[in-house]
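First comes the structure, then the notes that go with it.
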Amino acid sequence: MTSSTTEAHAAFAATNAEFHNKQASEIDSKPYIRPYLHFLHESFSLPPTQSLIFPAGEPRPLKVLDYCCGTGNFTISLLPFLPPGSTVHGVDVSDASIAVYNKKFAPDAESKPNDKVAVTGYTADLSSGDGLGTGPVAVKEEEGGEFWGYDLVLIGMGTHHLPEPSLGVKNLAKRLKAGGKLFIMDNVPGGNWEVVRQQSDKAAKKKGGHGHGHGHHHGHHGDHGKDAEGEKGEILVSDTVSAHGFTEEEVRKMFGNAGLEDVKFTLTGMGFLFKPKNDGSDEWEGDFVNVTTGGEAGEGSADAKSEAEKPTECFFAAGIKA
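Quick note, in our numbering, the sequence shown goes up one by one and the last residue is 368.
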């Protein structure tokens with residue numbers, strides 16, 4: 047990998063860190079969080095024979111890496127179903143998100159749903175370059191150290207935030223033990239997110255700010271945000287993302303290149319739908335809905351007539367390290 051590519055990856059990760067540092071204090075109050083957490087809880091509660099997430103075999107303590115963990119949506123949804131004695135490492139490039147994460151999962155935190163599992167968050171980039179890691183945590187180590195040998199590596203709605211998704215998946219898969227599982231949730235291309243992203247960034251440039259058409263973590267990698275006059279402004283949503291969703295073929299190729307076998311891919315039937323706020327502003331807000339009905343659990347009717355009205359559907363994918 048050339049030095050220019052490495053520098054570009056580092057700059058992209060830094061842009062994500064800056065953007066999500068500003069989002070960290072408010073992200074858990076977004077409207078989509080409640081239905082999103084409900085969906086994750088229901089998905090993770092399925093029996094092992096029906097679940098893509100848990101490794102096969104008898105229940106045993108698991109070593110888990112939640113990468114792009116943010117403030118901990120995947121971790122908090124998974125905790126009730128982890129066997130006692132399990133360990134979870136949450137890792138994110140955003141130190142503000144990790145601060146919220148560690149407060150949420152402190153040993154005495156009332157919000158922690160399983161006190162039999164040790165949870166700790168770290169600020170680091172484990173996906174770029176040689177995958178040995180960066181950040182104020184001792185992850186630049188030889189294989190076999192604390193941040194290797196995972197039973198389960200999760201990337202929840204974060205693969206499209208990796209500087210180079212295929213390389214990131216490959217680097218994270220290296221951290222699995224033999225027989226360990228990589229599990230990702232992300233979105234397929236299409237739906238209204240791209241329409242909203244364009245409108246959000248256009249409005250942001252117009253007023254010299256940054257877009258909010260992204261309730262949690264979406265966008266496209268571009269130049270740093272600039273206002274209509276071309277002056278340097280705040281980071282746009284479109285600066286933080288390297289891919290607008292992934293097809294099943296792309297996911298299977300990424301997993302195969304990472305040495306993962308027995309790859310499974312399934313559409314969830316749920317996705318993000320973004321709408322203008324009802325406050326007269328140019329900002330948008332997201333919800334997490336059933337892609338067929340438009341409701342959380344069969345409520346309402348989507349009846350979408352255009353791409354701008356369709357939810358952006360999410361998928362689950364999993365593969366096993368040989």
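Ideal Cβ placement from N, Cα and C applies to all residues, glycine included. Note that the structure is predicted; figures quoted are calculated from it, not measured.
Asked, Found
"Ile122, enclosing alpha helix (DSSP H) - first and last residue", "Asn119 to Leu124"
"Inter-residue CB distance, Lys162 and Ile122 (contact presumed, cutoff 8 Å)", "About 15 Å separates the two Cβ atoms, so there is no contact after all."
"Met203 (DSSP reduced to helix, strand or coil)", "coil"
"Top-ranked residue by Cα proximity to Phe361, from Glu210, Leu111, Ser89 and Pro107", "Ser89"
"Identity of the residue in Ala102, Arg106 and Tyr168 nearest Gly118 by Cα", "Tyr168"
"Alpha-carbon spacing of Gly97 relative to Leu172, whole angstroms", "With the sequence shown as reference, residue 97 is identified as Ser, and Gly is not the correct amino acid for it. Computed Cα separation, rounded: 26 Å."
"Distance CB(Phe320)-CB(Gly365) smaller than 8 Å", "no"
"Where the alpha helix (DSSP H) through Leu282 begins and ends", "Counting along the chain, Leu282 falls outside any alpha helix (DSSP H), and DSSP gives it neither H nor E."
"Contact between the segment 102-112 and the segment 196-211 (3+ Cβ pairs under 8 Å)", "yes"
"Rounded separation between Cys114 and Gly204 - CA only", "5 Å"
"Cβ-Cβ separation, Phe318 to Phe85 (assumed contact under 8 Å), whole Å", "Phe85 to Phe318, Cβ: 11 Å. No contact."
"Collapsed DSSP secondary structure at Gly291 in the structure displayed", "coil"
"Close Cβ partners of Val297 (< 7 Å) along its chain, the five nearest in sequence each way excluded", "Phe311 and Ala363"
"Pair within 8 Å by beta-carbon distance, His289 and Pro209", "Residue identity differs from the one stated: residue 289 is Ala in this sequence, not His. Contact flag unset, no."
"Span separating the alpha-carbon of Thr286 from that of Ser143", "15 Å"
"Short Cβ contact (8 Å threshold) for Ala304 with Val234", "no"
"Residues sharing a beta bridge with His135, DSSP", "Leu111 and Thr166"
"Contacts around Gly291, its chain only, beta-carbon distance under 6 Å, and the 5 residues preceding and following it disregarded", "Asn233, Val234 and Pro235"
"Min CB distance Pro93 to chain C below 8 Å", "In the structure shown, chain C cannot be found, because there is only a single protein chain."
"Presumed contact (8 Å Cβ cut-off) between Phe120 and Asp112, rounded CB distance", "5 Å"
"Identified DSSP bridge partners for Phe320", "Gly332"
"Straight-line Cα distance separating Ala56 from Val139", "10 Å"
"Contacting residues, own chain, Cβ-Cβ under 7 Å from Leu220 (five flanking each side not counted)", "Correcting the residue type first, residue 220 is Lys in the shown sequence and not Leu. Once the five neighbours on either side are set aside, the close Cβ partners of Lys220 are Gly177."
"Simplified DSSP assignment, three categories, for Glu88", "helix"
"Ala60 burial status per 10 Å Cβ neighbour count (16 or more: buried)", "exposed"
"Nearest candidate by alpha-carbon position, reference Asn336, set Ser49, Pro81 and Ser71", "Pro81"
"Nonlocal neighbours in the same chain, by C-beta distance under 6 Å from Asp308, ignoring five residues either side", "Ile366"
"Thr51 versus Pro357: straight-line alpha-carbon distance, rounded", "34 Å"
"Alpha-carbon spacing of Leu92 relative to His66, whole angstroms", "31 Å"
"Spatial distance of Leu218 from Gly136 (CA atoms)", "13 Å"
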